[in-house]
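**Student:** Okay, here's the structure, questions in a sec.
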Amino acid sequence: MRKRLLTLLPPALVALGVLFVPLDMFAATPVTRQFTVQASQFAFDPPTLRVNRGDRVVITLEATDVVHGLYLDEYDVNVRVEPGLSKQIEFVAEKTGKFRYRCSVSCGSLHPFMIGELVVMPNDAFARAVGLTLVAALAALVYLSRFPPGEA
Ligand SMILES: [Cu+2]
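For the sequence shown, position 64 (counting from the first letter as 1) is numbered 73 according to the numbering used here, and the numbering increases by one without interruption.
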């Protein structure tokens with residue numbers, strides 16, 4: 010029984026490595042993500058922007074009714090846009106997490122609720138998932154070759 014467990018130890022260690030070692034070289038290549046966000050009383054459309062870490066984010070902000078703004082503290086973004094016009098915002102999403110952005114111009118009674126969300130995903134989740142699957146498959150092969158089913 011102990012021998013069987015020992016057989017699984019090396020692949021388990023490799024699996025931990027796959028999970029936690031920084032894998033920058035396997036990370037998805039950063040791309041430019043373009044969004045057009047329409048600001049109107051009292052919402053952003055679309056309300057959620059999803060990108061991967063390292064992506065260059067280009068947001069074209071349009072105001073459809075009155076003057077609005079877009080304020081995203083963590084990325085040092087704060088712009089104001091006149092109705093009928095648009096403004097471009099550009100930054101590199103180097104921090105992962107969920108970040109709220111809000112309207113920075115008092116645009117009416119529900120202005121405090123005019124909120125959107127930027128979601129920055131770690132860009133190596135897919136590479137790690139593939140790596141783990143391969144390690145698990147290898148471990149199963151090694152285990153079965155040493156302890157074929159049916160043998161005591
Ligand atoms: Cu507003």
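Here a beta-carbon is modelled for each residue, glycine too, at the ideal position from N, C-alpha and C.
Model, not experiment: these values are computed from the prediction.
Can you round the beta-carbon distance between phenylalanine 51 and methionine 123 to whole angstroms, since I take them to be within the 8 angstroms contact cut?
**Tutor:** Between methionine 123 and phenylalanine 51 the Cβ distance is about 5 angstroms, and since that is below 8 angstroms, they are a contact.
**Student:** Three-state secondary structure (DSSP) at threonine 38?
**Tutor:** Reduced to three states, the DSSP call for threonine 38 is coil.
**Student:** Along the chain, which unbroken stretches of the beta strand (DSSP E) at least 3 residues long are found entirely within the stretch 40-125?
**Tutor:** With a minimum length of 3 residues, the continuous beta strand (DSSP E) runs that stay inside the stretch 40-125 are 41-49, 52-54, 57-61, 65-72, 77-81, 86-90, 95-101, 106-111.
**Student:** If distances are taken between C-alpha atoms only, which option among His77, Gly106, Val101, Phe156 comes closest to glutamate 91?
**Tutor:** Minimum Cα distance to glutamate 91 is reached at His77.
**Student:** Which same chain residues end up closer than 7 angstroms to proline 56 when comparing Cβ atoms and leaving out the 5 residues on each side of it in sequence?
**Tutor:** These residues qualify, in order along the chain: Gly125, Glu126.
**Student:** Counting pairs of beta carbons, one from the stretch 65-74 and one from the stretch 38-50, are three or more of them closer than 8 angstroms?
**Tutor:** As far as the Cβ criterion goes, the stretch 65-74 touches the stretch 38-50, which means the pair count is three or higher.
**Student:** Would the beta-carbon of valine 114 be found less than 7 angstroms away from any heavy atom of ligand 1?
**Tutor:** Yes, ligand 1 has a heavy atom inside 7 angstroms of this Cβ.
**Student:** Comparing C-alpha positions only, which one of Asn61, Leu79, Thr38, Ala145 sits nearest to aspartate 54?
**Tutor:** When only C-alpha atoms are compared, the closest one is Leu79.
**Student:** Alpha carbon to alpha carbon, how far is arginine 111 from alanine 136?
**Tutor:** One C-alpha to the other measures close to 33 angstroms.
**Student:** In angstroms with no decimal places, state the Cα-to-Cα distance between leucine 18 and asparagine 61.
**Tutor:** Cα-Cα distance, rounded: 33 angstroms.
**Student:** Does arginine 137 have its Cβ less than 8 angstroms from a Cβ in chain B?
**Tutor:** Any reference to chain B falls outside this structure, which holds one protein chain only.
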